Every structure is written in C-alpha cells, then in structure tokens.
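For reference, the structure discussed in these notes is given below.
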Amino acid sequence: MEPDTRTQRDIRHDTHQHITIAGARENNLREVDLRIPKGLLTVFTGVSGSGKSSVVFDTIAVESQRQLNETFTWFVRNRLPKYERPHADAIEDLSPAIVVDQKPIGGHSRSTVGTMTDIYSVIRVLFSRYGTPSAGPATAYSFNDPSGMCPECDGLGRTVRPDYDRILDPTRSLADGAILFPPFAVGTWHGQTYTNTPDLDPHKPVGRFTDAEREFLMRGGRDSRGKPSGKKVPVRNTGGARDTDYEGLADRFERLYLNRDLSTLSQKTRDVAQAFLREGPCPACRGARLNPAALATRINGLGIADCTRMEVTDLIEELGRIDDPVAGPIAAAAVAALERIEAIGLGYLSLDRETSTLSGGEGQRLKMVRHLGSSLTGMTYIFDEPSVGLHPRDVGRLGDLLLRLRDKGNTVLVVEHDPDVIAIADHVVDMGPAAGSGGGLVVFEGTPDELRRADTLTGRHLRRVRGVKENPRRATGELWIKDADLHNLKNVSVRVPAGVLTAVTGVAGSGKSTLVSKAFTAAHPDAVVVDQSSIGISGRSTPATYLGIMDTVRKLFARETGAEASLFSFNSHGACERCQGRGIIYSDLAFMDPVTTTCEACAGRRFKDEVLRLTVDGRSVVDVLEMTAERALDFFERFDDTAVRRRLGALRDVGLTYLTLGRPLSTLSGGERQRIKLATQLHRTGTTYVLDEPTTGLHLADVDGLLALLDRLVDAGNTVLVVEHNLDVVKHADWVIDLGPDGGKHGGRIVFEGTPAQLVEAEGSFTAEHLRGALGTGRAHAA
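When the letters of the sequence shown are read in order and numbered with UniProt numbering, they come out as residues 1 to 783.
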C-alpha cells in the first residue's frame, strides 16, 4: 500500500462536515455557493468591500443566532435581539455562533477591564474572605453597589465641579460683566438677580468683596434654619418687571447644570455648561471609587485599589504568593483568568482601566478571554480582524489562541488581512475580485500555500516582498514633543520631522498612541487628527450627506427645475409618505422574527413619485444617488461645481470610487468608514495630519492605495504622522520613531529614531527584528 502523503490539514478536511451556503445574496454577494469545513480554522480574505463580512457576519452569524433564538420560548424570544433571515436559498449544518467583533465594549464610566472580564468579582470575594479588617461581603467591595461605593463620587472615582475661577472674573464688577457664564451674564434674566440685588454693590470688583458678600453672591442669604432667606429681587423681561426669589450663583448653577439630567438640555446648552466645569479625581477616595471601609482592608499590605491599579503581569505575581487554604483557591482562579489576559498580549493593562479607553483591538482581545476558559465545544467562533492593533510580535500569540479554540472541537471563522494569520489557516476563502458591485464572488478556496500560488489579488500580494525606502525625503523643519509623561511615557522628548511621512511604531502598550494622539496633538493643536473614533452615522446617513454633497444636489435640482430644495430630500418634503424616506417597511411581529420589506409605494427609492418626475439632464435625484462616485464626477463636470468635484475627488483618492452616493453608511465595512472619514480632511496644504493605524481593515492591495495617498499628502507640502504596525507602511516611511522596549511600565521610551534602512540594523527593537524577518535578512521571533 502506498504511504499517505497528505498533510494533517488535508486529513482534517476529509473527516469534517461542512457549513453549506447556497445562493447567498446579502449586500453585494452574487448568488454565492460555499462549503466551509467545520472543526477547522477558516480565514476569509479579500479587498475592503469584497463581501467577506457579508458572508461571515451577515449570513452565517445572523442565521445561526436567529435559529438559536427560535429554540427559546416565545416569552424569552421577545426579550432577545431579533434577526432577519439572510437573503440566501439555503444555509445548512450550522452550529451555535459566538461573534467576537470590534464593536466598542460597554463604554460607560463604570465599566472597567476588571468588571467586563469578571476578574474583579473574584478579587472582591478574595478580599471579603481573606482581607483584614473585613468590610463585609463581596458587595462591600463593589463600586457599583451602594454598600461599597464612595459616597462622595457614587463609585465613579472622579467628580465634576463648577470651575468658579472661569465663571467669575475678579477684576470686574457685576455690572461690568464679572459673571462670564453666558446664561448668567449682564442683562439676562438670571444675571439681573445679581446686578439688581440691594445686598451687593454692582460696581465693586467681585475680587474685593468681603467674605460675607462673597458668600451672599454664591450661596445667598440663609435663615436660622439654613434655608434660603427668600429675598426678592426685581427683574425685567419682555413681559414687564416683577420680583423673583434671589438664589446664589453657585446654588443656581449647580441646580440647573450639575444636579440634573443634562440629556434634558439642548446640545448647545450642554456644550456651554461643559466649558465651565472641571473634572478631577474624587477628593474623598482619590479615584479609587470605594468607601473608606473597603479601602482599609489589606492582604499582604495591599488594598484592593492597589491590586486593581497594578499591571496584570504584576498582579499575577502578587496573587501567586497567597497560599492560605481558604484564599488560595480563590487567588488561583483570579490568576488563571489574569494569565489568559497576559497570554493575548495585554499584560500591561490594569483591572481599573476604563473600557472606554481601550482600542478596538484591545477590546476584541479582551472579549476572547471570556471564551478561552470555556469548556464548550462544537461552537462556531467568528472573529473580525483580531490582529487589529497588534504588533507583529504579538500576532503569533493570537494565532496560538485561535488554534487552541479550534483544537477544542470548534469551528473558527476569521475575517483577516494579516499574512501571518492567513498562514496558520486550515482553509482560506478569498472574496472578490474587486469591491462593491465588482465583488461578491468567491475567487479562491483552498490552503494558504495554494492561495500564495493563485492568480488572485490576495495571492499576488502575498507573494510580493516590498523593500525599504532607499531615498527617504528630507525634513523641511521639525515639530517637537518635550518632556511627555502621560500614562507610561517617561519624560519623552522627541523630534518629529516636518514635511515627511513618519511612522510611530512599537508593541501594544508601548506608548505610541499616548505620544501621538495625546502629547503631540496637545503640543500642536492645529494638527488634523483622523482616528478610529465613530463617524456618528445614522440609518439615513450616506456618502452624499456625510461629505456635504447632498446640499449641492438639492440646490442644483431646485435651480434647474424651479421646485423647492426640500423636495429633493428623503429626510424632508420629498420623502415617500408610506416609508418616511427609509425605502423599507419594518414590521415588528412581536414574538416572531421582524420582517423588512421594500416599500411598495416608492419601490425602495425613498422619494415620492412627483419628485422622480423632476429631472436634470434626464436624471432624477434617485438616479444621481445611485451613481458611483466615479460616474458622479462625470455628471457634475458640466455644472462647474468645484466643491462637489473636490469632495468626489477625495472619495477617489481614498479608493472609494465604487461607492454609490446614496448607499447607507451603516452598510460600510470598518475600513471603508475610516477612509470616508479621511476623505473629508484631504486637499489641505501646510497641514500636519495625524493618523491612528490607517491600515485597519485594509487588504494588502488597499495598503498600496493608502501609501500612494499618504505620498500625495506629503508631496503637497503636508506633514504626515501615522501610528502603525503594518510593516509595509514602516518600510515606506521616511522616518521611524519606535517606542518600547515593551508594553506598560516596561515601555514609554524611545528605542529608535531614524530611517527604515537604519531600523533594519538596529538592536533592542522588536519592530527591527520583525522588519528583518519580513525582508528575509534575519529571523524574527515572538517574545
């Protein structure tokens, strides 16, 4: 018998069942048929907008979760998220899906690394059972419980107080505008209270008030019981003069703008009030969030706040010293969970770190921690670009975790662009061949080695080895960061060359984002920052509305047709009355799945019929919104509208010419959303651009387009500073600033400054090691 020469990967393929998809039509998918092996690691690749997410998230994940919800009772189902059936002929042999995406973790101020991973709950039990003096049960150590929270800040760790140094100008009198807070200014209803009261001299500078006068101004007169005296002050408005109760300035400000739900105020009013508030650590608990009894408890000389402030790596060591028969097992449980955080490269985090401050990549990896300790098998784990935010050194750790999940008997599906993650896959599905309407097809299925030999865009780029830039640009000046000591930065001073492309690199937690997004932008506030924050989209947002093109479209149609401009808006008078301009009818069937149907009245076009009869050059406003950016450029050419052509040109510059002007922004991928945000900031000269990991969500081919765009920005006289892990960007930069040597307290230092060619020869830098490995000039290794 001939020997079996197949690899383990081949053998696993032969022995596993498949998830079967037939005729998938979600978003831009074009009747996709697919068989995905179960029990293996499958990576989905392809350019941004090629249909990867439409297959994995909008088809497989949605149908799995929808069918799982159907197994519950009607009562339970009515309280679960509702999923619509994906557009496909058949989806078979699914297993329960767990989605680990990049959506922000619950970002409210009470959510921390410790609470979202449930490790803080274990620490609370440890202190309640083993700490001395004990404050009581575990809830007595919870800053989210009245029995444990600091009474001064209600467990938030910080307080917001009026800044009366900003509100009052001591050099002015009340009549001359000493009160700088606009709602209380001279002449306003509230302001007259203070200029008209006979108890204060309105012409005396408030800085020369006696203590009694100052007290009356701020808190008002009090009777013997400490209640407001009820003094009356004459005030005047459009209805005439009348007397009103005198209320101290501080009492009034706190009542109206501090001790109430600010969401009841207009955004403009909230913004005005915010400028006169000062936020800082709570003076009672000094930011620890807990009451004195909880903070007094000690284990080996450390309080619970001391433990949560420690980096995870240090806390593992500290808890490992506990060998008490009662406390030991509790501490061991905490250590096991903490080691999982360390294993995914986040050992530099602390348990008290608010989740709202985490990057998308950090948040996604923390979500993984919940599943690494799970004993469930036969599940489908779905990951959305888990390598985001990871230095090449840490991608190997990520790969190990994905393989561990697979080896426990689970199916692992990953949407990913990183070549190192693609390389460990058992199976690869490449989507394309292009983006948008040019994508939506499966262009390759097979192993990573077969993909590298394939004639697809992904395969060709995997075979390519890019060299470092040989002739970097020369700086035209310098921009300094001096003595930066935020977070883990250790009094860093560094020169950022002007007029060139600079890449700031380093492992996760080394201080890159702090140096650039905090220290640099504070020193240079005129810099244009394009980060990964949300672009604030709604279901009605489109590229046309986001870029400000829709206003011009409405005015153009109004001018050419003689109709009102509001008639050409699906958010105003032109909206279809049946669907209110949404184009769809959403039917909530209570205990059954919701149904979304195309509006029959407007056929999904959002506008009334009378609007569609009004045309410009034979095209209705719907025809214009269905144009791609490329076609729209041709359409607007004859109207000589420079602003519109410039904005459409920006879409072309960021590689989004395939987007239609009316496509909902909610359907765009993460990479597409970031690039459309960048498009709004282009075409400046003499500007400093700060970009935070701009390759997020970009295919290898899209990175080429991004580099060309960055080159155009620099060549136009701008300075570009990028925080980046992608080695292709590092190779292409003119200058590199590398932080480290590691993350957390072991980072925060500059370990290298120079050109990419000089970085290749540098020692003591993880970035340099992996750069040599990518060039084939050295061997990179994981720490």
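We put the CB at the ideal spot given by N, CA and C, even for glycine. Computed from a prediction, not measured in an experiment: that's the story for all the values here.
So, with DSSP's three-state summary, where would you put residue i?
i: Ala24; result: strand
i: Leu402; result: helix
i: Phe607; result: strand
i: Phe127; result: helix
i: residue 859; result: The structure shown does not extend to residue 859, since the chain is modelled only from 1 to 783, so the question has no answer here.
i: His190; result: helix
i: residue 806; result: No information on residue 806 is available, as it lies outside the stretch 1 to 783 that the chain covers here.
i: Ser111; result: coil
i: Ile19; result: strand
i: Met1; result: In this prediction, Met1 scores a pLDDT of 43, lower than 50, which makes its location untrustworthy; the coordinate-derived value is nonetheless stated afterwards. Coil at Met1, not helix or strand.
i: Lys52; result: helix
i: Lys518; result: helix
i: residue 785; result: Absent from the structure is residue 785, since the part of the chain shown begins at 1 and ends at 783.
i: Ala503; result: strand
i: Ser510; result: coil
i: Glu152; result: coil
i: Asp199; result: coil
i: Val235; result: strand
i: Glu63; result: helix
i: Ser134; result: coil
i: Ala523; result: helix
i: Ser572; result: coil
Along the beta strand (DSSP E) that carries residue i, what are the first and last residues, could you check?
i: Ile750; result: Arg749 to Gly754
i: residue 803; result: Not covered by the structure: residue 803. The range shown for the chain is 1 to 783.
i: Val100; result: Ala97 to Val100
i: Leu41; result: Leu41 to Thr45
From what residue to what residue does the alpha helix (DSSP H) around residue i run?
i: Met550; result: Ile549 to Thr561
i: Phe216; result: Asp211 to Arg219
i: Pro543; result: Pro543 to Tyr546
i: Leu625; result: Val621 to Leu625
i: Thr181; result: According to the sequence shown, residue 181 is Phe rather than Thr. Unbroken run through Phe181: none, as it is neither H nor E.
i: Arg631; result: Ala629 to Glu637
i: Asp33; result: Not the alpha helix (DSSP H): Asp33 falls in the beta strand (DSSP E), residues Val32 to Pro37.
i: Ile167; result: Tyr164 to Ile167
What separation, rounded to the nearest whole angstrom, lies between the Cα atoms of residue i and residue j?
i: Glu753; j: Ala503; result: 10 Å
i: Ser426; j: Arg406; result: Sequence check: residue 426 is Asp here, not Ser. C-alpha separation (whole angstroms): 10 Å.
i: Val494; j: Val714; result: 20 Å
i: Thr20; j: Glu724; result: 38 Å
i: Ala575; j: Val611; result: 9 Å
i: Met218; j: Pro183; result: 16 Å
i: Arg77; j: Ile91; result: 21 Å
i: Thr598; j: Pro543; result: 21 Å
i: residue 785; j: Leu338; result: Here the chain comprises residues numbered 1 to 783, so residue 785 is not present and cannot be evaluated.
i: Ile119; j: Leu349; result: 13 Å
i: Leu402; j: Asp485; result: 36 Å
i: Met149; j: Phe143; result: 4 Å
i: Ala783; j: Asp738; result: A caution first: Ala783 carries a pLDDT of 33, below 50, which makes its placement in the model too unreliable to give a value.
i: Arg309; j: Gly320; result: 17 Å
i: Gly220; j: His203; result: 19 Å
i: Val722; j: Asp692; result: 6 Å
i: residue 784; j: Leu698; result: The question about residue 784 has no answer here: the residues shown for the chain are numbered 1 through 783.
i: Ile11; j: Pro37; result: Its pLDDT being 47, under 50, Ile11 is placed unreliably in this model, and the value from its coordinates should be taken loosely. Rounded to the nearest angstrom, the two C-alpha atoms are 12 Å apart.
i: Gln674; j: Phe57; result: 19 Å
i: Asp609; j: Ser48; result: 35 Å
i: Thr357; j: Phe72; result: 36 Å
i: Leu346; j: Glu362; result: 7 Å
Run the proximity test for residue i: is its beta-carbon closer than 8 Å to any non-hydrogen atom belonging to the ligand NAD?
i: Pro37; result: The ligand NAD is absent from the structure shown, which contains no ligand whatsoever.
Mind checking if residue i is an interface residue toward chain B, Cβ cutoff 9 Å exclusive?
i: Trp480; result: Absent from the structure: chain B. Only one protein chain is present.
In the segment 414-496, which residue ranges form an unbroken alpha helix (DSSP H) of at least 4 residues, counting only runs that do not cross its ends?
Counting whole runs of 4 or more residues, the segment 414-496 contains the alpha helix (DSSP H) stretches 419-423, 448-453 and 457-463.
I'd like the ranges of any beta strand (DSSP E) spanning at least 3 consecutive residues and lying wholly in the segment 306-394.
Taken in chain order, the complete beta strand (DSSP E) segments of 3 or more residues contained in the segment 306-394 are 380-384.
Where in the segment 654-689 do unbroken runs of the beta strand (DSSP E), each at least 3 residues long, occur, reported from the N-terminal end onward?
When DSSP assignments are scanned along the segment 654-689, no uninterrupted stretch of beta strand (DSSP E) that is 3 or more residues long falls wholly within it.
When you compare the segment 145-160 with the segment 374-388, are there three or more beta-carbon pairs, one atom per stretch, that lie closer than 8 Å?
They do not touch, by the three-pair rule.
Contact between the segment 430-440 and the segment 646-665: three or more CB pairs below 8 Å?
Between the segment 430-440 and the segment 646-665 there are three or more C-beta pairs closer than 8 Å, enough to call the two in contact.
Could you tell me whether the segment 37-48 touches the segment 409-429, using the rule of 3 or more Cβ pairs below 8 Å?
Judged by Cβ distances under 8 Å, the segment 37-48 makes contact with the segment 409-429, as three or more pairs qualify.
Starting from the N-terminal side, write out each stretch of the alpha helix (DSSP H) that is 4 residues or longer and does not extend beyond the segment 251-299.
Entirely contained in the segment 251-299, the alpha helix (DSSP H) runs reaching 4 residues are, in chain order, 267-274 and 292-296.
Starting from the N-terminal side, write out each stretch of the alpha helix (DSSP H) that is 4 residues or longer and does not extend beyond the segment 697-782.
As far as the segment 697-782 is concerned, its whole alpha helix (DSSP H) runs of at least 4 residues are 700-715, 727-732, 756-760 and 766-775.
Using 8 Å as the threshold, is the segment 163-183 in touch with the segment 246-259, meaning 3 or more CB pairs across them?
With a cut-off of 8 Å, the segment 246-259 and the segment 163-183 count as touching, because enough Cβ pairs lie within range.
Counting pairs of beta carbons, one from the segment 276-286 and one from the segment 157-171, are three or more of them closer than 8 Å?
The answer is yes - the segment 157-171 touches the segment 276-286, with three or more Cβ pairs under 8 Å.
The segment 681-695 in contact with the segment 524-533 per 3-pair CB rule at 8 Å:
Output reads yes: the segment 524-533 touches the segment 681-695.
For the structure I just gave you, are there three or more beta carbon pairs, one from the segment 21-30 and one from the segment 625-642, closer than 8 Å?
With the cut-off at 8 Å, the segment 21-30 and the segment 625-642 do not touch.
State whether the segment 329-345 contacts the segment 759-775, with contact taken as three or more CB pairs (one from each stretch) at a distance under 8 Å.
No contact exists between the segment 329-345 and the segment 759-775.
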